[in-house]
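Residue numbers (full-length UniProt numbering): 1 to 322.
Think of the CB as a built atom: it goes at the ideal place given N, C-alpha and C, for glycine as much as any other residue.
Each remark here refers to the structure printed beneath this line.
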């Protein structure tokens, strides 16, 4: 099969399209003919040698895909060959075929194209698991997401707004700030000109913060929390080691959680995907939540796609089509 291969750890130039052996579905797995996949920041980290796949996962990049079922592994029920699906992956999405545990396979939301569907599994599962399953964001609470114009940010804004939260989002350009507002953010914060801590403190503090920066924002995020607030850290773009003011957490009765999706056990991923299908897909089908795809390009342009991801300035997801 056609698949993205690498010549070693490095920049986007180590990526090219070559040939790999076709995968076969094991018991409890589904084989998907891939129509599209999407680029995530974790893919760029893996390409650089910083984020190896979990044990047993494909070495090929790609944490999500859409396509059609080509074959069912032993014991799989409820699906048929030819069904259009999207899937959350531990790896292998940058390829013509991928074998996926059946619990991570989801129907494509009604009214969504397969190209759009490729951009949904990773962001939907990340936001649902962290903002709602871990932080338990409730209707009427204040929610802050950093990087509001990115893939995770655009999904987080929409889901939080659709479920009745007051949404704050940070972004760094007029176009991105406008995108955040158009998706449901009641307050878009220009992090180049404004202090998000001051904005949130004036509003009464954030009940939930979803953060992809890590160390750089740790102390400021705690300062921005309301009493009983919950900070969930899902990324390390701003470093891995920071100072945590325990006294501030105690005074606020606040909490900090750090989570990763890719390395979770299969049962946990299946539960997350069930939650996405039950709670997120109806909002997508109704139009309350939509896929935000900045650009789609052929798989052969994978190096350019990674360069676009690393250059920044983008809004939404980058999709690769096969």
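Leaving out five residues before and five after residue i in sequence, what residues of the same chain have Cβ atoms less than 7 Å from its Cβ?
| i | result |
| --- | --- |
| residue 116 | 291, 293 |
| residue 203 | 142 |
| residue 6 | 14, 15, 47 |
| residue 45 | 51 |
Below 7 Å between beta carbons: does that hold for residue i and residue j?
| i | j | result |
| --- | --- | --- |
| residue 170 | residue 94 | no |
| residue 74 | residue 31 | no |
| residue 209 | residue 144 | yes |
| residue 40 | residue 63 | yes |
| residue 141 | residue 165 | yes |
| residue 199 | residue 186 | no |
| residue 136 | residue 212 | no |
| residue 271 | residue 149 | no |
| residue 121 | residue 91 | no |
| residue 106 | residue 277 | yes |
| residue 9 | residue 49 | yes |
| residue 280 | residue 124 | yes |
| residue 97 | residue 33 | yes |
| residue 190 | residue 177 | yes |
Can you pull the DSSP bridge partners for residue i?
| i | result |
| --- | --- |
| residue 107 | 85 |
| residue 142 | 166 |
| residue 4 | 17 |
| residue 233 | 211, 258 |
| residue 71 | 31 |
| residue 317 | 293 |
| residue 64 | 88 |
Does DSSP put residue i in a helix, a strand or coil?
| i | result |
| --- | --- |
| residue 152 | helix |
| residue 101 | strand |
| residue 297 | strand |
| residue 276 | helix |
| residue 240 | coil |
| residue 283 | helix |
| residue 113 | coil |
| residue 95 | strand |
| residue 303 | helix |
| residue 135 | coil |
| residue 225 | strand |
| residue 80 | coil |
| residue 311 | helix |
| residue 120 | coil |
| residue 253 | coil |
| residue 248 | helix |
| residue 322 | coil |
| residue 263 | coil |
| residue 129 | helix |
| residue 59 | coil |
Apart from the five residues on each side of it in sequence, which residues of its chain come closer than 6 Å, Cβ to Cβ, to residue i?
| i | result |
| --- | --- |
| residue 248 | 222 |
| residue 66 | 35, 36, 86, 114, 117, 118 |
| residue 239 | 214, 215, 216 |
| residue 317 | 38, 119, 151, 293 |
| residue 230 | 135, 208, 255 |
| residue 12 | 303, 306, 307 |
| residue 288 | 162 |
| residue 110 | 285 |
| residue 19 | none |
| residue 104 | 87, 88, 269, 273 |
Enumerate in chain order the residues of its own chain whose CB-to-CB distance from residue i is below 8 Å, with the five nearest sequence positions on each side excluded.
| i | result |
| --- | --- |
| residue 82 | 68, 69 |
| residue 184 | 157, 158, 160, 161, 162, 167 |
| residue 201 | 223, 224 |
| residue 42 | 51, 63, 262 |
| residue 108 | 66, 84, 85, 86, 114, 117 |
| residue 228 | 207, 252, 253, 254 |
| residue 29 | 73, 76, 99, 100, 101, 102 |
| residue 267 | 103 |
| residue 17 | 2, 3, 4, 5, 299, 300, 302 |
If you measure from the beta carbon of residue i to each beta carbon in chain B, is any gap under 7 Å?
| i | result |
| --- | --- |
| residue 71 | The structure shown contains no chain B; it is built from a single protein chain. |
Just to confirm the assignment: which complete beta strand (DSSP E) runs, minimum length 3, are found wholly within the segment 6-55? 15-19, 29-39
At 3 residues or longer, what runs of the beta strand (DSSP E) sit wholly inside the segment 171-222? 187-190, 206-211
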